[in-house]
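Asker: In my numbering, the protein residues as written are 325 to 480.
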Amino acid sequence: MSPDAQSLQAVSMVPVGFNQPSADVSIAPSDPNQTVTQTPSIIAQAQDGIRTERVQFAPGTTGTTIEGSIQGYEAVDYILNARAGQLMAVNLTTDNGANYFTILTPTEVALGSVSQSQYQGTLPMSGDYRIRVYIMRNAARRNERANYRLGVTISG
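And the structure:
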């Protein structure tokens, strides 16, 4: 094995997710008594911070509408608890075409959407779901602002 191959023997990747480093790399130097560990930076959106807000429906209701605004790389996670098998519907109305949302399961797997501004589906597991509202990177770089209304219902 060449010296270069020996120095790069130990490389481990971790899953990429929001608020996580893209990889954790351990490099075994030529001196076997020494180890160097390097952790790359967090993804750009996470570096700027994600505000979180817990969503509680009023007693006797199955939904709510949230009004908000974000600018540039700002993002908001709306956190709500739901059970497996319940139906979730989310609708985003915005004044900026680069304003989107992603729904993350309790294990931070992204759920698909019907379109860029709507989601309706049966929830696969119980726990805290995150609805992340953000501006796409090209518009965020231009420091664009988005004023939005996020309608959320959970039934079943």
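Beta carbons: idealized from backbone N, C-alpha and C, even for Gly.
Count the other CB atoms, across all protein chains shown, that sit within 10 Å of the CB of Arg454; report buried if there are 16 or more and exposed otherwise.
Answerer: Per the 10 Å Cβ criterion, buried.
Asker: In whole angstroms, give me the CA-to-CA distance for Ile478 and Thr386.
Answerer: 6 angstroms
Asker: For Asn423, which three-state DSSP category applies?
Answerer: strand
Asker: In chain order, which alpha helix (DSSP H) runs of at least 4 residues are fully inside the segment 392-422?
Answerer: none
Asker: Pull the bridge partners of Gln380 from the DSSP assignment, please.
Answerer: Paired residue(s): none; Gln380 is not in a bridge.
Asker: Let me check one thing: in DSSP terms, what residues is Ser479 bridge-paired to?
Answerer: Leu411
Asker: Looking only at its chain, what residues have a beta carbon closer than 6 angstroms to the beta carbon of Asn471, apart from the 5 residues adjacent to it on each side?
Answerer: Ser393 and Asp419
Asker: Could you give the first and the last residue of the continuous beta strand (DSSP E) run that contains Arg466?
Answerer: Taken as a continuous stretch (DSSP letters only), Arg466 belongs to no beta strand (DSSP E), as it is neither H nor E.
Asker: With distances taken from CA atoms, which of Arg465, Gln440, Glu391 and Leu411 is nearest Phe425?
Answerer: Gln440
Asker: How would you call Glu398, buried or exposed, if buried means at least 16 neighbouring beta carbons within 10 angstroms?
Answerer: The residue in question, Glu398, is buried, as its Cβ has 16 or more Cβ neighbours within 10 Å.
Asker: Roughly how many angstroms separate the alpha carbons of Val457 and Gln380, rounded to a whole number?
Answerer: 17 angstroms
Asker: I'd like the list of long-range same chain contacts for Arg288, defined as Cβ closer than 6 angstroms, with 5 residues on each side in sequence excluded.
Answerer: This structure leaves residue 288 out entirely; the chain is present only between 325 and 480.
Asker: Comparing alpha-carbon positions, which option in Ala434, Thr417 and Arg465 lies nearest Val476?
Answerer: Thr417
Asker: Between Thr376, Val400 and Asp452, which has its C-alpha nearest Gln410's C-alpha?
Answerer: Asp452
Asker: Terminal residues of the continuous beta strand (DSSP E) containing Val433?
Answerer: Per DSSP, Val433 belongs to no beta strand (DSSP E) and is neither H nor E.
Asker: Any idea what DSSP makes of Thr386, helix, strand or coil?
Answerer: coil
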